[in-house]
Each structure stands twice: as C-alpha cells, then as structure tokens.
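Participant: Below is a structure I'd like to ask you about.
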Amino acid sequence: FATAVEAALPETGAVPDSFFLGLSCILLLGYTVFRVFGALRLPGAVGVMLAGCLLSPFAGPAIHVVLPSIQEVAFILLLCRAGCETNMADLNTSAVLLATLPLLVDLTGIGLWVHFAWGATVPQGL
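Residue numbers (our numbering): -13 to 112.
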C-alpha cells in the first residue's frame, strides 16, 4: 500500500498520516455497522458497503489510490469465506449441473469457433 501512496504523492516520499487515519476510520466504522446490522438481523455486508459509500468522499486521495488493492484483498477473503462455508452434502445433482453446464457450453463454443475460424482441430480448440 505504501508504494502506491508514494507514487501518488511523490513530493513527500512518505505515507501521510491521513491515509492511516482514513483507513482506520473506514475499518472501524465498517466493523461497527456490520455488528449493528447483524443485531438488527440484516445482512452485515450491506452495512459495510453502505459505510464505505458514505465514508469514501471523506477518506482523502491516499485511500483512493490504494482502493483497488484493498478491493482485491477483500474479494479474495470473500471467496475464501464462501468456499469454507460450502458443504458437500448440500450439493445435489441440479446444483452441480447448474454450476458445470455453463462452463461446458462456453468451452465447447470456443473450441468450435477456433476449429472453424482458425482451422485448428477440435481437440486443439478445446
């Protein structure tokens, strides 16, 4: 994160304190809103997104520079959490079919397109 901020603010060469203050405010308010929404039996993720939308104009330019990195880390954590909550016993035949059928149709379409457009064999296209 520090290198992205330094690239955005080359004249200082140091990470400004406002960056850490803005980041800590966003994280603290996001956690608080997550807990409040959970107590109200509402999805906590909606509260976190709402807090991020409300606080983003006040976070400062340093946060906006590193925002893509923060979003990437959050997406990876979300995928890990969703993967850990998946129970193999809950997956029935229709769920597996609905998960794999679009992939198979896309791969077959791409393989046939490569076969007819570029003259490759179907196994090469797949």
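In this text, a Cβ means the ideal position worked out from N, Cα and C, and glycines have one as well.
I need the straight-line Cα distance from A106 to T94, nearest angstrom please.
Facilitator: For A106 and T94, the distance between alpha carbons rounds to 14 Å.
Participant: C160 to L15, Cα distance in whole Å?
Facilitator: Here the chain covers residues -13 to 112 and nothing more, so residue 160 does not appear.
Participant: Quick one: which unbroken alpha helix (DSSP H) runs of 4-plus residues sit fully inside the segment 41 to 83? Chain order, please.
Facilitator: 47 to 70, all fully within the segment 41 to 83.
Participant: Skipping 5 residues on each side, what residues in its chain have a beta carbon closer than 6 Å to that of V100?
Facilitator: Excluding residues within five positions, the ones whose Cβ falls inside 6 Å are A106, G111.
Participant: What are the start and end residues of the alpha helix (DSSP H) that includes G105?
Facilitator: Note, G105: premise wrong, no alpha helix (DSSP H); not H, not E.
Participant: What residues in its chain sit with their C-beta under 8 Å from that of V108, if we drop five residues either side in the sequence?
Facilitator: Taken in chain order, the residues that qualify are G97, L98, H101.
Participant: Let me see if you follow: with CB-CB separation under 8 Å, is W104 close to chain C or not?
Facilitator: Any reference to chain C falls outside this structure, which holds one protein chain only.
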